[in-house]
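The next block holds one structure in the form of C-alpha cells; read it before the comments.
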Amino acid sequence: MKIGAISDLHIDRNPKLEVQAYLASLTKVAMKRDIDILLIAGDISNHFQESYQFIRELQYKLSIPVLFVPGNHDYWVPDNSITSEEIYEFYAKQPECLIGKPYIINNDWAIVGHTAWYDYSYADNKFEIERIERGKYYGATWQDKVKIDWQMDDRTLSQFTAKQTKNDLEKVSDKNIILMTHIVTHPQFVVPTPHRIFDFFNAFIGTRDFDSLYKNFSIKYSIMGHVHFRKTLFDNGVTYMCPCLGYRREWRTDNIEEEMNHALVDFVIEE
Ligand SMILES: [Fe+2]
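Counting in the numbering used here, the sequence shown runs from 2 upward without gaps.
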C-alpha cells in the first residue's frame, strides 16, 4: 500500500494557472506513482468552498481515498457571512476530513489528522507574548490575525487541537500511526534563524503541544505543511515530512507537473 502526501497547494494564488492545471497535474503525478491513498495537509486555497470542491474533484478523478486536514488559509473568512468556527464545522462533517475521524487502513495502521495550531513557542525568546499576539513586525502583519476570527487565542487553540488529536489517537492506539497536521510539530521544520523577520514570525509556524503525543503513541510518520519547505527528517523513530508545493515564486521550475512530482512524497506500508 503506497501512501502519497502533499501540502500547501494554494490553487488560487497563481494568476497564470487555472485550478484545472493543479487538478490535472496532481492527478497525473499521483497515478504515475501508483498512489493508493492521497493525503493533503492543508492550505488548498483561501476559500473553504473552493478548497473542499478541489478535494471532491481530486477524489473523483483519482478514484482512490483522498483525505485532508484544513490549513490556516482554508479557514480564512471570505466576508462576515460566516465565521472560522463555522468553516471548521463545515470541514469536520465532510467524510474526507480527518478531524475527529481516524482513517483505519488495516489492523496495523491508521491515519490521524488535525490542522493543529501555532503556540508561539518557536519565536525567538526576545519577543514578549503580548507583542507576538498582535502579529505585527517590521510593517508586516500575520494575515491570520486579519482573516481568521476564532473566539479563542492562539495558544489555547493549539492546546485544544492537541487534545482533540489525542482523543483521535486513543481511538486507534493499538496501531501504527500516520499523523498529518498542517502546522509544524517539530522544531527543525521552522524557518532557519537568525532571520530578519522569521525570528518573530516563527511564532506562527509551529507548536510544542504535540510533543507528548509522539512520546505516547506509535507515530511512525508525521506529515505537515505550512512552512513551504520541502524536507524529510528521521528523528527518534519518526519520519517527518513537509511536502509543500508552495507559491509559484517559490518553485524551481515553471512546470507545474514537475513541481507536483518533486513536492509529493510517498512511502509504502505493509498490507
Ligand atoms: Fe499555512
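Built from N, CA and C at the ideal position, the CB exists for glycine as well.
Legend entry - Rounded distance between the beta-carbons of Thr182 and Thr116, thought under 8 Å: 7 Å
Legend entry - beta strand (DSSP E) segment containing Phe235, residue limits: Arg231 to Asp236
Legend entry - Between the CA atoms of Phe230 and Pro103 - distance to the nearest angstrom: 26 Å
Legend entry - Three-state secondary structure assigned by DSSP to Thr28: helix
Inset, instruction - Whole angstroms is fine: what's the gap from Val344's alpha carbon to Glu131's? - result: The displayed coordinates of the chain run from 2 to 272. Any statement about residue 344 would go beyond what the structure contains.
Legend entry - Lys3 - containing beta strand (DSSP E), residue span: Lys3 to Ile7
Legend entry - Residues whose Cβ lies closer than 7 Å to any heavy atom of ligand 1, in chain order: Asp9, Gly43, Asp44, Gly72, Asn73, His74, His183, Gly226 and His227
Inset, instruction - Just grab the DSSP bridge partners of Phe201 for me. - result: Per DSSP, none; premise fails for Phe201.
Legend entry - Alpha-carbon to alpha-carbon, Arg253 and Tyr23: 16 Å
Inset, instruction - May I ask you to report which of helix, strand or coil DSSP gives Leu180? - result: strand
Legend entry - Coil, strand or helix - Ile278 by DSSP: No answer is possible for residue 278: the residues shown for the chain start at 2 and end at 272.
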